[in-house]
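Shown next, in structure tokens, is the structure this report addresses.
Residue numbers (this note's numbering), protein chains in the order written: chain A, 20 to 176; chain B, 12 to 511.
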């Protein structure tokens, strides 16, 4: 997905101004000229300058460069689905892994993503289950990472 | 020194370390050979595993995996016309043209043999230069370090991209991310928004896994290009004729390896840029430049040795100053800090055995590359047929679990996702990501040395340039910033003066 430079410029300008506003409230260190506000402040000024240049450039080229130019995948339902599943999969893991436990969550994420990438449903589920068990064994048993059990806690091994 | 050498020897030739190296080699060869998985991604995915290892095996895994991946990236370039890693992109068309002429063996063999040669050359420079530099750096104060870091960041912006403005933007974003949390000289919580997870700062490892692995998964998901066809059914003996090539192109090998080591050592530019630059140089100085692009091995010999020598070159500033030479060493530095092996000149004086061990690891990795590389070429057809629609979901899950494993924190998983999506969007729009990574890694160091210097000099900015080395570094940094402006000014004034 390609955006016109002006959009990035505007975003950077907003970010820079926001940072400048936030660091105004930072305390001064008594007896010193430099405090915690200086460094982020300088970065924010640089961001504002770069943002302004990009904004002007993008505005100047607006006739030849469209505001938003979607890649060919936006028009392909299967690719759009794959993209959304990648994002949704990670978000789902963050939200659900504590409650449902690692094994269920990861099986769902893997199966859904493989299916979205056009692996046959049966194969998707089979690989998802085997891979989840394997990763669980490697990280939970061998490396002792406390992956959550969630609803499977009574059956924990 | 001999005691330290013996200690290093026993650490490296420990059966566990050797086993780690063999496994990491196979892993690196595989990751490099699969298009869409880069050497940087190989290291990022290794971090969660190395987290649970002793320092030397952990470094061994990263050194071998990257060396192998940079070589094996040549394989799909040669057989499918798709570079396996960005470092092979410079000569992919050339290698594929050779395959079309029925010379796939020569192209792959040249990639393999001269990768190893370049890697060994870079290692030799690393061994010779870094202790001397470290000795020199022991006398550095915060003023020198401030300028050194600034020079490193400057290089990252101006060398790693042809769009300095966009490089500055990503650098600033990286520096801003480095500001988050308590880790500043005043110990004041910045940009934490009352979130306790953020007081410790944004985790470097989750961010890097996001930027280098999640972004690739996203890129694969939206890739609409049809899969490529294998161009060859059988690859014969790859070592045949390589000795003759080495005798025919000694200057090219030396030039490629030197340029590669140098580019690698410059912060922000790694194996991929080294390969592009040395391919262009090879063509420029060649006696038969008209053959380039038609399946001529000369450029492959030169840039194939350049990209592997860049890997070792990147470790020079990383070990001596803690300034990463490329994205891979940026991750490595993160791991070194986790292992309490903080990079810097004192690493050479207090723990020389670790440094010697790193040198030995590099030598071994580049030697075992030849037999393992031949093995990899033999099974290349099978690797290239691995279904990527199964592989990518597995990588995604591995990223999630690996990120979680570092701090047992789901917040980090969120950081990983955000970093991945942002990195994908930025790269799509021509913003280079290398300056961002350097900004994140070096932000704290830059601020700390700046503030320390300000306090030492009582706010007098002149003292930043009164020490001779600091002043020289300052002049070089300023020159790099001003040079593009000057060039533009000269060009608009009319024809450039002779010799520039």
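Note that CB positions come from ideal geometry on N, CA and C, so glycine has one too. These numbers were taken from a predicted model, which means no experiment stands behind them.
{"query": "Does the beta carbon of residue 118 of chain A come closer than 7 Å to any beta carbon on chain B?", "result": "no"}
{"query": "Straight-line CA distance for residue 174 of chain B to residue 168 of chain A?", "result": "48 Å"}
{"query": "Are the C-beta atoms of residue 344 of chain B and some chain A residue less than 7 Å apart?", "result": "no"}
{"query": "According to the neighbour-count rule (16 or more other Cβ atoms, all chains shown, within 10 Å of its Cβ), is residue 469 of chain B buried or exposed?", "result": "exposed"}
{"query": "Inspect the beta-carbon positions of residue 28 of chain B and residue 71 of chain B and report whether they are closer than 7 Å.", "result": "yes"}
{"query": "What number of angstroms, rounded off, separates the C-alpha of residue 7 of chain B from the C-alpha of residue 68 of chain A?", "result": "Nothing about residue 7 of chain B can be read from this structure; chain B reaches only from 12 to 511."}
{"query": "Can you list, in chain order, the residues of its chain whose CB lies under 7 Å from that of residue 507 of chain B, leaving out five sequence neighbours each side?", "result": "Its pLDDT being 44, under 50, residue 507 of chain B is placed unreliably in this model, and the value from its coordinates should be taken loosely. Excluding residues within five positions, the ones whose Cβ falls inside 7 Å are 501."}
{"query": "Just to make sure I have the definition right: I need the residues of chain B whose C-beta is within less than 8 Å of the C-beta of residue 181 of chain A. Which are they?", "result": "Summary: the structure shown does not reach residue 181 of chain A, with chain A confined to residues 20 through 176, and so no result is reported for it."}
{"query": "Does any CB atom of chain B fall closer than 7 Å to the CB of residue 105 of chain A?", "result": "yes"}
{"query": "Using the three-state DSSP reduction, which class does residue 88 of chain A fall into: helix, strand or coil?", "result": "strand"}
{"query": "Starting from residue 400 of chain B, trace the alpha helix (DSSP H) in both directions and tell me its first and last residue.", "result": "399-418"}
{"query": "Within its chain, find whatever has a CB closer than 7 Å to the CB of residue 68 of chain B; leave out the 5 residues flanking it on each side and keep chain order.", "result": "27, 28, 31"}
{"query": "Give the single residue among B:263, B:125, B:446 whose Cα lies nearest to the Cα of residue 253 of chain B.", "result": "B:125"}
{"query": "Go to residue 423 of chain B, then tell me how far its alpha helix (DSSP H) extends in each direction, as first and last residue.", "result": "421-439"}
{"query": "Let me know the secondary structure DSSP gives residue 298 of chain B once reduced to three states.", "result": "coil"}
{"query": "Answer yes or no: does any C-beta atom of chain A fall closer than 7 Å to that of residue 166 of chain B?", "result": "no"}
{"query": "Starting from the Cα of residue 423 of chain B, find the closest Cα among B:221, B:15, B:189 and give me that residue.", "result": "B:221"}
{"query": "Do the segment 415-431 of chain B and the segment 126-145 of chain B meet, that is, are 3 or more Cβ pairs less than 8 Å apart?", "result": "no"}
{"query": "Would you grab the beta carbon distance between residue 89 of chain A and residue 20 of chain A for me? Rounded to a whole angstrom, and I think it's under 8 Å.", "result": "5 Å"}
{"query": "Tell me whether the segment 146-153 of chain A and the segment 42-53 of chain B touch, counting them as touching only if at least three CB pairs, one residue from each stretch, are closer than 8 Å.", "result": "no"}
{"query": "Taking Cβ positions only, does residue 440 of chain B come closer than 7 Å to chain A?", "result": "yes"}
{"query": "If contacts are defined as beta-carbon pairs under 8 Å, then residue 316 of chain B and residue 129 of chain B qualify, I think. What distance do you get, rounded to the angstrom?", "result": "3 Å"}
{"query": "Excluding the 5 residues preceding and the 5 following residue 474 of chain B in the sequence, name in chain order all residues of the same chain whose CB lies nearer than 8 Å to its CB.", "result": "154, 464, 467, 468"}
{"query": "Going residue by residue through the segment 36-100 of chain A, where are the continuous beta strand (DSSP E) segments of at least 3 residues, counting only ones entirely within it?", "result": "none"}
{"query": "What is the residue span of the alpha helix (DSSP H) that residue 360 of chain B lies within?", "result": "357-361"}
{"query": "If contact means a Cβ-Cβ distance below 7 Å, which residues of the segment 49-66 of chain A contact chain B?", "result": "51, 52, 53, 54, 55, 58, 59, 62, 65, 66"}
{"query": "Have a look at residue 74 of chain A and residue 448 of chain B and give me their C-alpha separation to the nearest angstrom.", "result": "24 Å"}
{"query": "Given that a residue counts as buried once 16 or more other Cβ atoms are within 10 Å of its Cβ, and exposed if not, what is residue 301 of chain B?", "result": "exposed"}
{"query": "Out of A:35, A:55, A:51, A:24, state which residue places its alpha-carbon closest to the alpha-carbon of residue 200 of chain B.", "result": "A:55"}
{"query": "With H, G and I counted as helix, E and B as strand and the rest as coil, what does DSSP make of residue 108 of chain A?", "result": "helix"}
{"query": "Can you find a CB in chain A that lies within less than 7 Å of the CB of residue 46 of chain B?", "result": "no"}
{"query": "Check the C-beta distance from residue 391 of chain B over to residue 86 of chain B and give it rounded, since I have them as a contact under 8 Å.", "result": "5 Å"}
{"query": "Less than 7 Å between the C-beta atoms of residue 186 of chain B and residue 36 of chain A, yes or no?", "result": "no"}
{"query": "Which residues of the segment 136-164 of chain A have a Cβ closer than 7 Å to any Cβ of chain D? Give them in chain order.", "result": "In summary, chain D is missing from the structure at hand, where the protein chains are A and B."}
{"query": "7 Å is my cut-off, CB to CB: does residue 425 of chain B come that close to chain A?", "result": "yes"}
{"query": "Give the DSSP-derived three-state secondary structure of residue 22 of chain A in the structure shown.", "result": "strand"}
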